[in-house]
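Quick mapping for you: the protein sequence lines, in order, are chains A and B.
In case it helps, our numbering puts the first sequence at residues 613 to 1048.
In case it helps, our numbering puts the second sequence at residues 613 to 1048.
2 protein chains.
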Amino acid sequence: MKDHIGVGIIGFGTVGMGTVRILKENRELIHERTGVYLNVRKIADLDIETDRGISVDPAILTRDANALIADPGVDVVVELIGGYEPAATFIKEALKQGKYVVTANKALLATRGWELFEAAHENGANIAFEASVGGGIPILRSVREGLCANHLQSIHGILNGTANYILTQMSDAGMDFEEALKEAQRKGYAEADPSFDVDGIDAAHKIAILSTMAFGVRVPFDAISVRGIRDIRQLDVLHAHELGLVIKLLAVGQWQDGELEIRVHPVMIPESHMLAKVKGVYNAIHVIGDFVGSTLYYGKGAGMLPTGSAVVSDIISIARQLVRENTYDIPPLGYPLPAFRDAVIRDASKVRGAYYLRMKTVDRPGVLSRISGILGENGISLASVIQKGEGEEPVAIVMVTHETTRRQIDEALKTIDQLDVVMEPTLALHIELDLK
Amino acid sequence: MKDHIGVGIIGFGTVGMGTVRILKENRELIHERTGVYLNVRKIADLDIETDRGISVDPAILTRDANALIADPGVDVVVELIGGYEPAATFIKEALKQGKYVVTANKALLATRGWELFEAAHENGANIAFEASVGGGIPILRSVREGLCANHLQSIHGILNGTANYILTQMSDAGMDFEEALKEAQRKGYAEADPSFDVDGIDAAHKIAILSTMAFGVRVPFDAISVRGIRDIRQLDVLHAHELGLVIKLLAVGQWQDGELEIRVHPVMIPESHMLAKVKGVYNAIHVIGDFVGSTLYYGKGAGMLPTGSAVVSDIISIARQLVRENTYDIPPLGYPLPAFRDAVIRDASKVRGAYYLRMKTVDRPGVLSRISGILGENGISLASVIQKGEGEEPVAIVMVTHETTRRQIDEALKTIDQLDVVMEPTLALHIELDLK
């Protein structure tokens, strides 16, 4: 049995450094577990000068990713540069050469994953991507293998640590959105341009990958309904608390009447739910299967070392097979590629739920009755109304509706937000009361 | 490629029925995922008359487990009778015949697992046992494969759903232990003889298996320190709540100075910890690795269908390999058998922590000073003292100590409990304040 496996790493940024550090520091442990030494044979990056604080033989550093891929000593190619190009080209080239690929590239997998899966399939190679969703949490493995006896029914995930950190600071430390975002940036949790995180795009990439695997269907990325958390204010967090609820940026994939409902948006959930307890940069994923019932997976969703842990777990799985010359027995998405059909995506306007509405209006008699009249005309009935800040303008009016659809809410708000007494666009948040 | 795998099930009780039901109802799904049909070829049980509400061809029912094992059409033998014998003999016989075995038998694995692992190793067969810990939660797979890049440092688990149900009812519904136990029995969560569950033995079996796999060491079952929850009273739950704590039956395995600390006992943990939120019959396991940090896995820890889900996930993993004639690339315990050495088990008296002490004394001046004097003589200092029920006897005295060791507590209580003013044995509960 072969007892050395050569690893080539493309991208020596944060996750690349974490991966190299783990392969180095836990080299003996991995050998003890697998009988195999994982050798970092080459690292490719445009910047091979900066001292990253990890001692690496300069001879293995290269600017030439293609030479790394072609190196016969590299058995596994690890793509950690992110983005679409040249990442996709590198991955496809490695697969074409029959090499196994490990990647953390959620954006690429979510939007152009099919190119990669097909390239793997055609070349008898394979691609592993545990690190692309949930950082160090072994969620893909759990869904693909641990729950494989089940029809999966729903996934509710807190999949973006930055957004969760901001919402946690708003709710536990009383910060406003901008303040919490600045703190997240200061701590290195948020980028200078935070839009991927706070606008829900990163979480959408992850729920696309997770839903593809869990439900065995192709998910067209553009069909995902995505809203971010920029409109959430301190008063919304406070109102949520008064209602026994917490605001979380949830990524949801679930079957409804044979259609796949797939959405990312800030949602109010009961304080007592396990997902409500997930604080700071942690992620958690709640998965329901027809026989296993509710399960939940929790851990750090990002960061050099948790993400590196997931990358290395994939390298180890591959190494265990390569040294035995086993064929890959579990397809990357859990199902064989030809089994996939396009999901019928449920129109986001059909999503049912109670809604939290927060309006800012002038302080004039009759405003409330005009607004509730319009809601009524749209078939929306109210469970409760709170009016705050009487005497000062704008007045905040908060309403909680009975169950309705997003379509009815949007229709009603189209009219309400055009009233001259309404001073800014109304915020409407879905309330998930029946979260299992 | 072979496209049918024959499954033989020994034991047609609760988990057996769940397993058969899942194999039947999700037959097409499993085929879609794996390209393989899993056929229940034979079911062996002493009782083949009782109608279990699952339609099964009577021709596959047998009282002869040995014939089932020897049947050339049976590729995978699933042992679900529980207990030590004849379960161990059946498993070893199947392994001797080179068959793969799936079992949920935690008592057998925890106490005599080595016989089975060696039999598997010697015969080039394998044994899978996801269902033995955490019911439907894919915890063994996560530890063995998902976290395999990490040195694991600690496991804190709520591993017994019955005990957790009782503690939840005591804390959320104000029940006393006996009342909650009776309710658990009425609901089918607890056996007529509940000692395995409430005395911590079942949780000890599970932490033994989990620690063996996570830490790569042999765990002598008798070395585990085990205490149950029978002594917990309603007033303890109330005091815990006043202190911002919750009482949970925790199973702990963790490294301390190169020794393995392994214990099952009721512990007070901060209300804000994820483990504190685990209610009713749910289980959860908090695992810390050197690179991944904190992770947590949550789900139903028992029951026909969640446990069946884990059994079937093991059968599927085996089937995926058998049809490709792959050799098993991941050893059952994550490490190859020869890598295992005996763990040095840390003496339970060394366990450090703050302690909650609840005493019942006569109502007489000077009692408190005598008791705190004895604690002081044993090097134990007090963080707070609460005295309740003045005027009536016995008086409840509750003390919270600063950090100390179990040895000091036990020494002090040996003296205190012999005082004539102390009316019943003192309850001492570990407080895990630094739970990560």
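All residues carry an ideal CB built from backbone N, CA and C; glycine is no exception.
Enclosing alpha helix (DSSP H) for residue i [first to last residue]
i, result
"N776 (chain A)", "G773 to D784"
"L847 (chain B)", "Q846 to E854"
"E727 (chain A)", "K718 to E734"
"K708 (chain A)", "A699 to K708"
"K818 (chain B)", "I813 to F827"
"S981 (chain B)", "V979 to E989"
"T631 (chain B)", "T626 to E637"
Buried or exposed (CB count within 10 angstroms, at least 16 for buried), residue i
i, result
"M613 (chain B)", "exposed"
"A826 (chain B)", "buried"
"Q781 (chain B)", "buried"
"E577 (chain A)", "No answer is possible for residue 577 (chain A): it lies beyond the span of chain A, which begins at 613 and ends at 1048."
"G646 (chain A)", "According to the sequence displayed, residue 646 (chain A) carries Thr and not Gly. Classification of T646 (chain A): buried, given that the 10 Å Cβ count is 16 or more."
"I681 (chain A)", "buried"
"T1016 (chain A)", "buried"
"K1050 (chain A)", "Because chain A spans 613 through 1048 in this model, residue 1050 (chain A) falls outside it and cannot be assessed."
"H851 (chain B)", "buried"
"A671 (chain B)", "exposed"
"I998 (chain B)", "exposed"
"R798 (chain A)", "exposed"
"D669 (chain B)", "exposed"
"K1000 (chain A)", "exposed"
"E803 (chain A)", "exposed"
"K1048 (chain B)", "exposed"
"H898 (chain A)", "buried"
"S823 (chain A)", "buried"
"V831 (chain A)", "buried"
"Y696 (chain A)", "exposed"
"E742 (chain B)", "buried"
"A731 (chain A)", "buried"
The beta strand (DSSP E) enclosing residue i, as first and last residue numbers
i, result
"M916 (chain A)", "Segment M916 to L934 is the alpha helix (DSSP H) holding M916 (chain A); no beta strand (DSSP E) there."
"H763 (chain A)", "No beta strand (DSSP E) holds H763 (chain A); DSSP gives it neither H nor E."
"I957 (chain A)", "Segment: none, I957 (chain A) is in no beta strand (DSSP E) and carries neither H nor E."
"G965 (chain B)", "R964 to T973"
"L861 (chain A)", "L857 to Q868"
Reference residue i, options the options, closest by Cα
i, options, result
"N651 (chain A)", "A:L635, A:G665 and A:R645", "A:L635"
"G630 (chain B)", "B:D809, B:V923, B:S807 and B:A722", "B:V923"
"L721 (chain A)", "A:Y712, A:K708 and A:A740", "A:A740"
"G965 (chain A)", "A:I844, A:A700 and A:T1013", "A:T1013"
"D676 (chain A)", "A:S667, A:I660 and A:V688", "A:I660"
"G892 (chain B)", "B:I778, B:T919, B:G870 and B:T907", "B:I778"
"S921 (chain B)", "B:I621, B:K1048 and B:G747", "B:G747"
"A888 (chain A)", "A:V849, A:G685 and A:K1000", "A:V849"
"V745 (chain B)", "B:L949, B:I819 and B:Y696", "B:I819"
"K711 (chain A)", "A:H643, A:Y649, A:N717 and A:I617", "A:I617"
"I821 (chain A)", "A:I767, A:K860 and A:D811", "A:I767"
"D834 (chain B)", "B:I874, B:I859, B:E883 and B:L1039", "B:I874"
"Q709 (chain B)", "B:E757, B:A699, B:D683 and B:G812", "B:D683"
"G949 (chain A)", "A:L673, A:E727 and A:V632", "Looking at the sequence provided, one finds Leu at residue 949 (chain A) rather than Gly. Nearest of A:L673, A:E727 and A:V632 to L949 (chain A), Cα basis: A:E727."
"V1010 (chain B)", "B:A1040, B:G694, B:I992 and B:E989", "B:A1040"
"G623 (chain A)", "A:R953, A:I813, A:L673 and A:S961", "A:L673"
"L764 (chain B)", "A:Q846, A:L945, A:Y894 and A:N638", "A:N638"
"R753 (chain A)", "A:A737, A:T626 and A:Y947", "A:Y947"
Checklist entry - Are the region 1019-1036 of chain B and the region 858-867 of chain B in contact at 8 Å, needing three or more beta carbon pairs? => result no
Item to check | Near-chain B residues of the region 946-957 of chain A (beta-carbon distance less than 7 Å), N- to C-terminal order | outcome: G946, Y947, P948 and A951
Item to check | chain A contacts made by the region 755-769 of chain B, where a contact means CB separation under 7 Å | outcome: E757, G758, L759, C760, A761, N762 and H763
Next on the checklist: I'd like to know if the region 807-817 of chain B and the region 931-942 of chain B are in contact, where contact means that at least 3 CB-CB pairs between them fall below 8 Å.
Outcome noted: Under the Cβ criterion (8 Å, minimum of three pairs), the region 807-817 of chain B does not count as touching the region 931-942 of chain B.
Next on the checklist: Under 7 Å, CB to CB, which of the residues in the region 898-923 of chain A have a partner in chain B?
Outcome noted: G901, F903, V904, G905, S906, T907, L908, Y909, Y910, G911, K912, L917, P918, G920 and S921
Next on the checklist: Please identify, using Cβ separations under 7 Å, the residues of the region 857-890 of chain A that lie next to chain B, in order along the chain.
Outcome noted: M886 and K889
Checklist entry - Along the region 641-661 of chain B, what residues have a CB closer than 9 Å to any CB found in chain A? => result L641, I642, E644, R645, T646 and G647
Checklist entry - Looking at chain A, which residues of the region 670-685 of chain B have a Cβ within less than 8 Å of any of its Cβ atoms? => result none
Checklist entry - Which residues, in chain order, does the region 823-840 of chain A contribute to contact with chain B at a C-beta distance below 8 Å? => result G828
Next on the checklist: Would you call the region 906-915 of chain B in contact with the region 901-917 of chain A, where contact means no fewer than 3 C-beta pairs closer than 8 Å?
Outcome noted: yes
Next on the checklist: At a CB distance below 9 Å, what residues from the region 1017-1033 of chain B approach chain A? Give them in sequence order.
Outcome noted: none
Item to check | Contact list for the region 972-984 of chain A against chain B, Cβ threshold 7 Å | outcome: Listed in sequence order: no entries.
Checklist entry - Taking three-plus beta-carbon pairs below 8 Å as touching, is the region 974-992 of chain B in contact with the region 946-960 of chain B? => result No, the region 974-992 of chain B is not in contact with the region 946-960 of chain B.
Checklist entry - If you measure beta-carbon to beta-carbon, which residues of the region 929-942 of chain B are closer than 7 Å to chain A? => result S929, R932, Q933, R936, N938, T939, D941 and I942
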